[in-house]
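Note sheet for the following structure.
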Amino acid sequence: MESVNRSILQLLESEIRNIPDFPRPGIAFKDITPLLKNPDTLELTSRMLARPFRHSQVDYVIGIESRGFLFGTNLAQDLHAGFIPVRKPGKLPADTVSETYALEYGEDQVEMHADAFKNGDKVIIHDDLIATGGSARAATQLVEKLGGDVIGYSFIIELQALRGREQLPSDTPCEVLISL
Ligand code: AMP
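Below is the structure:
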């Protein structure tokens with residue numbers, strides 16, 4: 002089983018394209034569009050993301066705009082949880098809570114609907130990639146403002162050198178498919 006998993010993860014990694022100097026010089030952008038385009042890796046990525054949380058009680062998957070939406074809704078469906086978007090400022094129509102955070106390139110703000118979930122609900126925070134961990138940390142702070150309980154983090158890719166994990170609570174599982 003271990004070697005099957007390893008082969009699956011190698012297949013997924015082979016469909017992640019490295020684009021040097023995008024969106025600006027010095028950034029090696031990890032492009033997941035080939036992973037999405039291939040029907041096998043599209044399905045396998047979803048299944049592999051869900052696997053560590055199969056036996057957890059999850060109320061919602063929180064997906065971070067925009068690439069966290071691509072697999073976040075699949076992950077929510079797989080876990081029979083709901084999906085809640087964390088979005089850039091000004092996109093959500095109802096009352097919001099917001100947080101500012103630092104990106105690998107630049108600074109940004111994220112928002113979530115103030116009535117997104119109930120006090121005590123259990124959530125997983127998902128994004129395609131964790132770099133510095135700033136956006137996942139900001140999403141965590143949004144969840145905490147509303148009294149939610151982050152029971153896990155889910156990423157397809159981790160850029161290990163940027164040590165984003167260290168921005169997240171050390172006692173909460175952080176599940177990553179591919180560490181680069
Ligand atoms: P961070 O907040 O630094 O962990 O950055 C994570 C967010 O920025 C995710 O939403 C990623 O999609 C995006 N991101 C940061 N660095 C990269 C990269 N090298 N390649 C692709 N996406 C990236």
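All residue numbers for the sequence shown refer to the working numbering, where the first residue is 2 and numbers rise by one. The beta carbon of each residue, even a glycine, is placed where N, CA and C say it ideally should be. Small disclaimer: the values here were computed from a predicted structure and weren't measured.
Exclusion of ARG18 from the 7 Å shell around ligand 1 follows from its C-beta lying no nearer than that to any non-hydrogen atom of the ligand. Residue range 135–146 is occupied by the alpha helix (DSSP H) that includes GLY135. Look at the stretch 17–80 and you find these whole runs of beta strand (DSSP E), each 3 residues long or longer: 18–21, 29–32, 61–65.
For the pair VAL177 and ARG52, the Cα-to-Cα distance works out to about 11 Å. Judged by their CB atoms, ILE20 and ARG68 are not nearer to each other than the 8 Å cut-off. In this structure the stretch 40–52 does not lie against the stretch 91–106, because fewer than three pairs of beta carbons, one per stretch, are closer than 8 Å. With a 10 Å radius around the Cβ and a threshold of 16 neighbouring Cβ atoms, PRO90 comes out exposed. Shown here, SER155 sits in a strand according to DSSP, grouped into three states. Distance from the C-beta of PHE30 to the nearest heavy atom of ligand 1 is below 7 Å.
Residue burial annotation: HIS81 is exposed, with fewer than 16 other C-beta atoms found within 10 angstroms of its C-beta. By the Cβ test, the stretch 52–64 is not in contact with the stretch 22–32, since fewer than three Cβ pairs between them sit closer than 8 Å.
Cβ-Cβ distances below 7 Å link ILE9 to LEU45, MET49 in the same chain, with the five nearest sequence neighbours on each side left out; the list follows chain order.
Distances taken from the Cβ of SER136 to the heavy atoms of ligand 1 include one shorter than 7 Å.
Burial of LEU76 is indicated by the presence of at least 16 other C-beta atoms within 10 angstroms of its C-beta.
Of the candidates ALA132, SER4, SER99, ILE65, the residue whose Cα lies closest to the Cα of LEU160 is ALA132. Cβ-Cβ distances below 6 Å link SER99 to GLN110, GLU112 in the same chain, with the five nearest sequence neighbours on each side left out; the list follows chain order. For the pair PHE156 and CYS175, the Cα-to-Cα distance works out to about 8 Å. Scanning VAL144, LYS119, PRO35 for the CA closest to the CA of HIS127 turns up VAL144.
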